[in-house]
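Residue numbers (our numbering): 120 to 466.
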């Protein structure tokens with residue numbers, strides 16, 4: 120089968136690999152019907168994810184059809200259409216029992232797919248702990264609608280959930296890329312008074328304004344003053360830092376009001392400095408880390424009910440055999456790209 124492979128730092132390649140097989144009674148093999156490229160894949164390519172294993176198939180955002188299941192799998196069966204969770208998790212360890220599935224203590228726990236074990240930018244993928252890692256897609260939900268449920272939309276849902284958003288809040292989201300927009304959509308579920316989204320890219324801000332006219336937009340150069348003018352308490356009540364740059368990390372705490380929640384979702388290329396003397400007295404609550412992707416069933420329910428729609432994010436579609444062109448488009452942000460969907464290869 121065709122599989123897009125991390126060969127070494129700075130190099131991905133489309134290769135032929137054997138189709139995956141069941142290696143554990145809890146595994147499932149899924150035929151990938153649609154996958155996507157994530158910014159985290161670029162982080163792997165450029166060496167920002169040291170735990171990524173050269174030789175693995177990349178890709179952790181996908182939907183498909185179950186082909187085989189191990190004897191211990193109970194929740195899915197061959198023929199089921201499923202969303203694949205970005206994380207694999209045992210469901211039994213301390214962290215899983217408390218909903219912190221990103222920190223699952225199993226060797227294949229947390230973000231493994233497309234990082235430490237073969238992922239889904241391929242024709243087939245093996246999913247460990249299939250009972251936790253696969254969620255059946257409702258019949259009324261298409262592959263396009265479900266594509267982001269297990270990763271980027273799960274990240275946005277988790278970020279909004281842990282940010283303690285309340286009605287009346289001003290929410291600032293730093294980053295108007297796919298993760299920022301998914302965070303914005305999920306923040307809307309909590310009915311804040313105002314949402315402001317900040318990004319240096321005029322095209323991305325235009326994308327937001329054209330589709331979500333109630334959301335305020337601003338560039339980083341004017342963000343702090345703008346947020347203060349549009350917040351009754353001297354700054355945002357909640358800040359979600361999704362962009363992952365030195366500037367956005369600084370803006371996150373500068374634009375927050377005293378005693379605000381600052382949720383850091385971004386994955387950074389370099390260490391960040393927390394300037395505690397400059398922040399003294401703001402009494403901020405920082406929440407950080409990778410997504411605990413255990414809300415896929417609820418996300419699919421919200422999609423089915425029309426409360427979440429991420430299909431506008433899919434701006435381009437490529438077959439798997441043209442994935443190198445898709446990566447070039449995505450990485451260079453050409454042609455107004457937001458997210459690229461990858462379909463099975465042309466035969």
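Glycine residues also receive a C-beta, built at the ideal position from the N, C-alpha and C atoms.
Exposed unless 16 or more other CB atoms sit within 10 angstroms - verdict on residue i
{"i": "residue 399", "result": "exposed"}
{"i": "residue 321", "result": "exposed"}
{"i": "residue 213", "result": "exposed"}
{"i": "residue 128", "result": "exposed"}
{"i": "residue 190", "result": "exposed"}
{"i": "residue 221", "result": "buried"}
{"i": "residue 404", "result": "exposed"}
{"i": "residue 323", "result": "buried"}
{"i": "residue 174", "result": "exposed"}
{"i": "residue 454", "result": "exposed"}
{"i": "residue 254", "result": "buried"}
{"i": "residue 411", "result": "buried"}
Proximity of residue i and residue j at Cβ, strictly below 9 Å
{"i": "residue 369", "j": "residue 353", "result": "no"}
{"i": "residue 366", "j": "residue 339", "result": "yes"}
{"i": "residue 113", "j": "residue 186", "result": "There is simply no residue 113 to check, as the chain begins at 120 and stops at 466 in what is shown."}
{"i": "residue 124", "j": "residue 177", "result": "yes"}
{"i": "residue 122", "j": "residue 237", "result": "yes"}
{"i": "residue 182", "j": "residue 205", "result": "no"}
{"i": "residue 188", "j": "residue 249", "result": "yes"}
{"i": "residue 260", "j": "residue 149", "result": "no"}
{"i": "residue 397", "j": "residue 165", "result": "no"}
{"i": "residue 406", "j": "residue 380", "result": "yes"}
{"i": "residue 264", "j": "residue 158", "result": "no"}
{"i": "residue 252", "j": "residue 224", "result": "no"}
{"i": "residue 167", "j": "residue 395", "result": "no"}
{"i": "residue 457", "j": "residue 432", "result": "yes"}
{"i": "residue 192", "j": "residue 144", "result": "yes"}
{"i": "residue 152", "j": "residue 463", "result": "yes"}
{"i": "residue 409", "j": "residue 233", "result": "no"}
{"i": "residue 156", "j": "residue 449", "result": "yes"}
{"i": "residue 210", "j": "residue 415", "result": "no"}
{"i": "residue 301", "j": "residue 276", "result": "yes"}
Contact set for residue i: own chain, Cβ-Cβ below 7 Å, skip 5 residues either direction
{"i": "residue 316", "result": "292, 295, 299, 303, 327, 334, 336"}
{"i": "residue 257", "result": "419, 423"}
{"i": "residue 198", "result": "184, 185"}
{"i": "residue 284", "result": "290, 306, 309, 311, 357"}
{"i": "residue 437", "result": "444, 445, 459, 461"}
{"i": "residue 346", "result": "291, 315, 354, 355, 374"}
{"i": "residue 154", "result": "178, 180, 181, 239, 240, 461"}
Enclosing beta strand (DSSP E) for residue i [first to last residue]
{"i": "residue 423", "result": "Run containing residue 423: none in the beta strand (DSSP E); it sits in the alpha helix (DSSP H), 415-423."}
{"i": "residue 314", "result": "313-317"}
{"i": "residue 266", "result": "Counting along the chain, residue 266 falls outside any beta strand (DSSP E), and DSSP gives it neither H nor E."}
{"i": "residue 186", "result": "181-188"}
{"i": "residue 335", "result": "335-337"}
{"i": "residue 122", "result": "121-127"}
{"i": "residue 254", "result": "253-255"}
Identity of the residues DSSP links to residue i by a beta bridge
{"i": "residue 163", "result": "Note: residue 163 sits in no beta bridge, so no partner."}
{"i": "residue 458", "result": "433"}
{"i": "residue 229", "result": "207"}
{"i": "residue 355", "result": "375"}
{"i": "residue 406", "result": "382"}
{"i": "residue 360", "result": "293, 383"}
{"i": "residue 148", "result": "187, 245"}
{"i": "residue 438", "result": "462"}
{"i": "residue 200", "result": "184"}
First through last residue of the alpha helix (DSSP H) which encompasses residue i
{"i": "residue 445", "result": "442-451"}
{"i": "residue 142", "result": "Unbroken run through residue 142: none, as it is neither H nor E."}
{"i": "residue 248", "result": "Residue 248 -> no alpha helix (DSSP H), and no H or E assigned at all."}
{"i": "residue 346", "result": "342-348"}
{"i": "residue 213", "result": "213-216"}
{"i": "residue 271", "result": "271-281"}
{"i": "residue 329", "result": "321-330"}
{"i": "residue 132", "result": "Counting along the chain, residue 132 falls outside any alpha helix (DSSP H), though it belongs to the beta strand (DSSP E) covering 130-135."}
{"i": "residue 397", "result": "395-398"}
Cut-off 8 Å between Cβ atoms - residues of its own chain near residue i, not counting five sequence neighbours on either side
{"i": "residue 312", "result": "286, 287, 288, 289"}
Residues near residue i in its chain [Cβ-Cβ closer than 6 Å; skip 5 each side]
{"i": "residue 160", "result": "177"}
{"i": "residue 138", "result": "120, 243"}
Closer than 8 Å: residue i CB and nearest the ligand NAP heavy atom
{"i": "residue 215", "result": "Ligands in the displayed structure: none, and consequently the ligand NAP is not present."}
Beta carbon proximity, residue i to chain C, threshold 9 Å
{"i": "residue 235", "result": "The structure shown contains no chain C; it is built from a single protein chain."}
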